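Trainee:
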Amino acid sequence: MVTGSIRQRLGRAVFDWSLRRSPRLKQLTLSQRRIYIMPSRAGFVFLMLLLVMLILAINFQNNLMFAVTFLLASLFVVTILHTYANLSGLTIRFVRGHPCFVGEQAAFDLTLTAKGTRQYESIQLRLRTGEETAVDLVEDRQRSLTLYQKASRRGFLPADALQIETFYPLGLFRAWAWLQVDLKSLVYPRPVEGGRLSDLSGSVSGDQSQAHIGERHGGEEFTGLEQYQDGMSLKRVAWKNYARGQGMYAKQYVELNDNRRWLSWDLWPELSPEARISRLTWWVLQLHRRGEEYGLLLPGIEIGPDRGEAHRVRVLEALACFGLDDQHSTQERTP
Amino acid sequence: MKPLFQLTRSSMIWLLVSILMVMIPYVTVVPGWLFLLAVFTVGWRLMVHSGRWSFPHWSVRSALLSLVLVGLLFELRSGSVMVVTVGLLVAAFLLKLTEMYRRRDALVVLYVALLLIVCSFLFFQSIPMTLYSLLSLIVVTACLNTVYRSQQNTDIWRPLKRSAVLYTQALPMMLVLFLIFPRIGPLWQVDMNTGQSFTGLSDSMSPGDVSRLTRSADIAFRARFETALPPENIRYWRGLTYDRFDGRRWTRSEQQGIEQQSGVQSGLAARFNSLRDYRYEIVMEATGQRWRYGLDVPVSYPATVRRLADMTLQGQDPLMQRTQYQLVSRVAPQQDQLSAGRYDRYLQLPERGNEKARQLALQWASEQPDVKAFTAQMMTFFATRFRYTLEPPLLPGSDSVDQFLFQTRQGFCGHFASAGAFLLRAAGVPARVVGGYLGGELNPLDGALTVRQYEAHAWLEYWDRESQSWLRLDPTSVVAPLRLEQPAAQLFSSESSFLADAMLMRKGFLSGALLMQLRLRYEAINYGWHRWVLNFQDRQSDFLQQLLGGISVVKIVLLILITGGLVLLGVAGSLFIRRGPRQDPLVSALKRLDKRLLQLGLQRRSGEPPGQFFARMEQSFPSLSEEFAALSCCYEQISYAENSDPELLAQFRRLMSRCCSLIPQKKSL
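Chains as they are written, first to last, in my numbering: chain S, 1 to 335; chain U, 1001 to 1669.
1) Span of the beta strand (DSSP E) holding residue 1227/U?
2) For residue 136/S, decide whether its Cβ has a neighbour in chain U, counting only Cβ atoms nearer than 9 angstroms.
3) Taking the alpha carbon of residue 183/S as the point to measure from, which residue in 92/S, 170/S, 267/S and 296/S has its own alpha carbon closest?
4) Which residues does DSSP list as the beta-bridge partners of residue 1443/U?
5) Does the separation of the CB atoms of residue 1042/U and residue 1019/U fall below 9 angstroms?
6) Could you check whether the Cβ of residue 1287/U sits closer than 8 angstroms to any heavy atom belonging to the ligand SAH?
7) Beta carbon of residue 174/S, beta carbon of residue 83/S: below 9 angstroms?
8) At what residue ranges does the stretch 114-189 of chain S contain a whole run of the beta strand (DSSP E), taking only runs of 3 or more?
9) Do you know how far the Cα of residue 1571/U is from the Cα of residue 1268/U?
10) Would you kindly report the start and end of the unbroken alpha helix (DSSP H) that includes residue 1585/U?
11) Taking the CB atoms as reference points, tell me whether residue 108/S and residue 166/S lie closer together than 9 angstroms.
12) Quick one: give me the first and last residue of the beta strand (DSSP E) that residue 1234/U is part of.
13) If contact means a Cβ-Cβ distance below 8 angstroms, which residues of the stretch 1324-1340 of chain U contact chain S?
14) Residues in the same chain with beta-carbon distance under 6 angstroms from residue 1234/U, minus the five sequence neighbours each way, listed in chain order, please.
15) CB-CB under 6 angstroms to residue 140/S, same chain, minus the five flanking residues each way: which ones, in chain order?
16) Taking only beta carbons into account, state which residues of the stretch 159-186 of chain S come closer than 8 angstroms to chain U, listed in chain order.
17) Within 9 angstroms of any Cβ in chain U, is that where the Cβ of residue 130/S sits?
18) Where DSSP assigns a beta bridge to residue 251/S, which residues make up the other side?
19) Using a Cβ cut-off of 7 angstroms, pull out every chain S residue sitting near residue 1169/U, in sequence order please.
20) Near residue 323/S, which residues of its chain fall below 6 angstroms by C-beta distance, leaving aside the five closest residues on each side in sequence?
21) Helix or strand or just coil, what does DSSP make of residue 1316/U?
22) Contact between the stretch 1006-1024 of chain U and the stretch 303-310 of chain S: three or more CB pairs below 8 angstroms?
23) Return no unless some Cβ of chain U is closer than 9 angstroms to the Cβ of residue 69/S.
24) Using the C-alpha atoms, what's the distance from residue 1607/U back to residue 18/S?
25) Decide if residue 189/S is buried, meaning its Cβ has at least 16 other Cβ atoms within 10 Å, or exposed.
26) Judging by CA-CA distance, which residue of 101/S, 86/S and 155/S is the nearest neighbour of residue 123/S?
27) Whose C-beta lies closer than 6 angstroms to the C-beta of residue 1240/U among residues of the same chain, with five residues either side of it excluded?
28) By how many angstroms is the C-alpha of residue 301/S removed from the C-alpha of residue 269/S?
29) With a CB to CB cut of under 7 angstroms and the five nearest residues on each side skipped, what residues in its chain are close to residue 66/S?
30) Got a sec? Which residues, its chain only, sit under 8 angstroms from residue 1611/U by beta carbon, not counting five neighbours each side?
31) Would you mind giving the Cβ-Cβ distance between residue 1463/U and residue 1429/U, rounded to the nearest angstrom? I have them listed as a contact below 8 angstroms.
32) Based on the DSSP secondary-structure assignment, which residues constitute the bridge partners of residue 1173/U?
33) Quick one: any contact between the stretch 1391-1409 of chain U and the stretch 1363-1372 of chain U, if contact means 3 or more CB pairs under 8 angstroms?
34) Strictly under 9 angstroms for the Cβ-Cβ distance: is residue 1527/U near chain S by that measure?
35) Put residue 268/S into one of helix, strand or coil per three-state DSSP.
36) I'd like the ranges of any alpha helix (DSSP H) spanning at least 4 consecutive residues and lying wholly in the stretch 1327-1393 of chain U.
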């Protein structure tokens, strides 16, 4: 147990130290400054095996045994270079982080580029808390891959340190590098079902809604057809006209009543703040799926009713960052 | 339990090849039933791989294990400890195949395979076997490589290539380590008995034994002389002497085997005399016996062997591996003040039996005045009435000497030596039978004498009271005088039993000049292999002395560091400096121009076609417009019309360098 904890602490210290040496960069090339190399556990067993062979050779005074023992020992030494070469010169570019919901795996895109004509095999990449992925760069010079990391809190999630390691070619050595990954993923709140649709309709308090009163698309009364454009809900397509070969038209409705949905912080006062955010998130997803217009009202934040993917992202982003004292959020919002 | 680590198809293929290659040398070594186990476990592993079966239940595995253990215990009663140990290793290797759940399990199998390859050198050390083992190493390493490859990589030959490259790069450092690593003695006593059987002389001899050896062409030993070669008729290689006769067989009495030569013999300590002394080196094959061969009387011999009172050499242990030693021999009578006890021992005969022979001996003794005349009469007797043959009639009776002397009168060297010693002893002359070899084939390629089993020989020695020394007497020399002058191979070639076990060596098979040449070449290589590799420990210090001019720790460390460093630099160079495909001369010339233009901000824009680029240059540098127009023309000719005229390319280069040199001046104006 004691040795275990010492090992862990030692490993931790090495890890911290190697991260301090590695600045956050968008793109970097692995070189001797970042690559560490040590015999693997199998490598140590191999050394024991060599010792056994040497003792056999000495005891039996057998020069061919000596020769093979030394050949394998030289192989061991040569493998250091091969394992090291299997990482060095590799260029890693951090591309982007994908948003996700709490409880899902946040995805981060990377590309690996080989140096010159060199070939890389069996490179294992892993975010510190994530799953391992193995990559080859034999014929192609460049590979894109996605690494995952569990998202447990809403808000901006910086990617964990990235471990790149390889045991290639013989597993006798482990070469590895720890890198700071300059990527973030936005983690949306976990959607939790609750409340009724009727809670939402028209429940708008005075001054905030006035700007939006008037004729708006997307209401209940049918007024005519308009040319279909990308991004319009498929529910509005006039399929009969389309079937007659008249082209794609969308049915136009005029909203007479103010039945735009407002997702307000005050809807469910009985819930805790996190629970409210989760429920609001669920309703955002619901309303988006139904193609309805919705707006968001949070203390200090108001997003007018609208629909579409960009709107959804904006609303979810606001929900994800709401109430978090997070300097990343402001940085990240400026593209 | 389901495997956590699935071997890829290429892993599986290489694993099977590895197992096959590792097991093949053991066919003749380990008990045959282990190969049943091999078929069983490999078969099961294949079924698991194809997904039809799962790994055997633990009860099956433990049943197999206990069966194997019991089987090996049985083998222990008959075979050698070493064979059983290796058998255990083989069994563990095979059984592990049936429980490969993790990558670690695959590693265990492959590491044991490496160990088995190393252990195969306990049994085989020839050049072909060594090459084979190297190949096995490469295959096992290739398999090790596949274990560490990602699943999507399915190229089958790539691991083998990778492994071969690794070994090529490892070779130089291995050589240095091999040359330099100090060869210390065994750390503890090991049982060298590998269970093999040897052909050769044994410590008892009945007259027919020696002729059996002529069936074999195995090499007994090789000798290489620093001094001149001894003439053919004195190439008597002594191995051991027999001093006890029981009426049928000659054996060694206990004293014979342990009696050390005591006291300094006068004359032997005299300094080296190139006329009668021979300095040489012997590479002796394993015999499983303690004696070592030497020419006549060894006067200088290594510390690891003793010289017995009968002037034969004896090692400390039975010889289980080929060995190498230096000797100086003197061709001279062996001085020996025979003590009373030893005198009696050399006169020992059975109480009764062979009465006619005894009578004959007594009769000669009474007729002849001295020993010399006695032996002369005996030799005449042999020479006139006896026939030398490889297939003498059997002597079944109790009076075998009588039968031979008076009835069959056909025999091989053993018969003559035995009968001669009997006659001498019966006449009161101390005598003994000597077992050894006579002859040796000179290989002109390396100057070494090769002595083979069919050159085994027996002769006798008697003690001469006058000179107080032992004298050699070889009845064969009078019965078949040719035996001393001709190679045995020539002499016996007509006898059907000669080399019956080595058909290829018989005359007619390998007598063609080319084949003979090939055989000699092969033997010379083999001899070099034995001297330089298999027995390197005996010449390591000389070699290092020559190489380094004196051995010191500093020099050796420096040698290791320098060679190791050079090799690693070379390997690193090949790994890291991978040149891309050769650059097109046009492209490189354009790049050079571009470098110049970069300072002026006029460099070729990305995606700009060359034609357009040259046109832009014509405008930018009006004074060089002609040159650029010509360049553009050349470029089009070469790259689009595929005109590969070297003159055109040279012109392009000339124009380019002219432009390059003129551009900056242009700007400064």
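Note that CB positions come from ideal geometry on N, CA and C, so glycine has one too.
All values derive from a computational prediction rather than experimental measurement.
Mentor: The short version:
1) Secondary structure note for residue 1227/U: it is in no beta strand (DSSP E), with a DSSP letter that is neither H nor E.
2) Interface residue, yes.
3) Ranking the options by Cα distance to residue 183/S, first place goes to 92/S.
4) The partner list for residue 1443/U (beta bridge, DSSP) reads 1448/U.
5) Less than 9 angstroms separates the beta-carbon of residue 1042/U from that of residue 1019/U.
6) As for the ligand SAH, it is missing from this structure, which has no ligand bound.
7) Contact: yes.
8) Listed in chain order, the complete beta strand (DSSP E) runs (minimum 3 residues) inside the stretch 114-189 of chain S are 120-127, 132-137, 142-150, 155-158, 162-166, 173-179 and 184-188.
9) At residue 1268/U the pLDDT is 49, less than 50, meaning the model places this residue with poor confidence and gives no usable figure here.
10) 1585-1600 is the extent of the alpha helix (DSSP H) around residue 1585/U.
11) Inclusion of residue 108/S and residue 166/S in the CB contact set at 9 angstroms is not warranted, their separation being larger than that value.
12) In the DSSP annotation of this structure, residue 1234/U is not part of any beta strand (DSSP E), being labelled neither H nor E.
13) Within the stretch 1324-1340 of chain U, no residue qualifies.
14) The answer, listed in chain order, is 1331.
15) A distance below 6 angstroms between beta-carbons, with the five flanking residues on each side excluded, links residue 140/S to no residue of its chain.
16) Within the stretch 159-186 of chain S, the residues whose Cβ lies closer than 8 angstroms to some Cβ of chain U are 167, 168, 169, 170 and 171, listed in chain order.
17) No, residue 130/S does not count as interfacial toward chain U.
18) For residue 251/S, which the question treats as bridged, DSSP gives the partners 225/S.
19) Close partners of residue 1169/U in chain S (Cβ separation under 7 angstroms): 78.
20) Close CB contacts of residue 323/S within its chain, under the 6 angstroms cut and outside five residues either way in sequence, are absent.
21) DSSP, read as helix, strand or coil, puts residue 1316/U in coil.
22) The stretch 1006-1024 of chain U vs the stretch 303-310 of chain S: no contact.
23) At least one chain U Cβ lies under 9 angstroms of residue 69/S.
24) Taking the straight line from one Cα to the other gives about 41 angstroms.
25) Buried.
26) Its Cα nearest to that of residue 123/S, the residue 86/S stands out among 101/S, 86/S and 155/S.
27) Counting only Cβ-Cβ distances below 6 angstroms, and skipping sequence neighbours, we find 1291, 1312 and 1435.
28) Residue 269/S and residue 301/S: Cα-Cα distance of roughly 17 angstroms.
29) Closer than 7 angstroms at Cβ, skipping near neighbours: 57.
30) 1632, 1635 and 1636.
31) Cβ atoms of residue 1463/U and residue 1429/U come within 8 angstroms of each other, at about 7 angstroms.
32) In the DSSP output, where bridge partners are listed per residue, residue 1173/U has none listed.
33) The stretch 1391-1409 of chain U is not in contact with the stretch 1363-1372 of chain U.
34) With 9 angstroms as the cut-off, residue 1527/U does not count as an interface residue toward chain S.
35) Residue 268/S: coil per DSSP, three-state reduction.
36) Secondary structure remark: continuous alpha helix (DSSP H) runs of at least 4 residues inside the stretch 1327-1393 of chain U, in chain order: 1340-1345, 1355-1367 and 1371-1385.
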